[in-house]
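Structure record follows, encoded as structure tokens.
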Amino acid sequence: MTPDYVLTLVQITGPDFTAGIEIDGATVRKADPVLQDMMGMPVDTAREHIRATGWKASLSTSSAEGIVQHEESFEVLKDGKRGYFYFDCVAGRRAINGRSTKAAALQRAQAYLASRGRPAE
Numbered sequence: 759m760t761p762d763y764v765l766t767l768v769q770i771t772g773p774d775f776t777a778g779i780e781i782d783g784a785t786v787r788k789a790d791p792v793l794q795d796m797m798g799m800p801v802d803t804a805r806e807h808i809r810a811t812g813w814k815a816s817l818s819t820s821s822a823e824g825i826v827q828h829e830e831s832f833e834v835l836k837d838g839k840r841g842y843f844y845f846d847c848v849a850g851r852r853a854i855n856g857r858s859t860k861a862a863a864l865q866r867a868q869a870y871l872a873s874r875g876r877p878a879e
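Just add 758 to wherever you are in the sequence shown, counting from 1, and you've got my numbering.
So, in structure tokens, the structure goes:
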């Protein structure tokens with residue numbers, strides 16, 4: 759199973775700070791306050807900005823693996839990435855928004871966590 763949404767944590771180290779940004783593959787989606795100007799920036803532009811300032815960037819892979827339940831999603835922490843599996847408990851809304859049931863979303867999240875570097879079938 760593939761998540762509905764995946765964010766990758768990138769650690770940025772400058773001369774007087776260490777901070778992080780989260781990217782979805784194309785865009786900077788979240789950033790620590792010191793890097794707030796990078797929010798919404800395309801990844802290629804962010805990469806050029808990091809190089810131009812002399813900062814160092816590395817993908818973070820040290821986070822603990824697991825599943826965290828939120829109000830309408832399961833967040834899977836795996837390989838330094840955060841995948842989201844969304845659900846809706848109201849059948850009428852599910853018919854409109856296309857989200858899974860809570861049980862199906864949990865099953866997809868567990869299958870993704872158990873997979874070894876590839877999507878589970």
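By construction, the Cβ of each residue, glycine as well, lies at the ideal position given by its N, Cα and C atoms.
Closest residue to residue i among the options (Cα-Cα distance)
| i | options | result |
| --- | --- | --- |
| L817 | A869, K839, S831 | K839 |
Neighbourhood of residue i by C-beta, 8 Å cutoff - its chain only, sequence neighbours within 5 removed
| i | result |
| --- | --- |
| T785 | G798, M799, P800, V801 |
| N855 | D846 |
| G783 | V764, T766, V801 |
Start-to-end residues for the beta strand (DSSP E) that takes in residue i
| i | result |
| --- | --- |
| V801 | Per DSSP, V801 belongs to no beta strand (DSSP E); it is in the alpha helix (DSSP H), 801-811. |
| Q827 | 824-827 |
| L701 | Because residue 701 is not part of the residues shown, which for the chain are 759 to 879, the question remains open. |
| A777 | 776-781 |
Supposed close pair residue i, residue j - CB separation, criterion 8 Å
| i | j | result |
| --- | --- | --- |
| V768 | A810 | Not quite, the Cβ-Cβ distance comes to about 16 Å (not below 8 Å), so this is no contact. |
Residues of its chain near residue i, where Cβ-Cβ distance is below 7 Å and the 5 sequence neighbours each way are ignored
| i | result |
| --- | --- |
| W813 | I770, T771, G772 |
| E879 | Note that E879 scores 41 on pLDDT, short of 50, meaning its location in the model is unreliable and no value can be drawn from it. |
| D762 | Y842, F843, Y844 |
| A789 | I779, M796, M797 |
Counterpart residues of residue i in DSSP-defined beta bridges
| i | result |
| --- | --- |
| G841 | V764, V834 |
| K788 | E780 |
Limits of the unbroken alpha helix (DSSP H) element including residue i
| i | result |
| --- | --- |
| A849 | 849-855 |
| L871 | 860-872 |
Proximal residues to residue i (C-beta, below 6 Å), its chain only, five neighbours per side dropped
| i | result |
| --- | --- |
| V792 | F775, A777 |
| A867 | I825, F832, V834, F843 |
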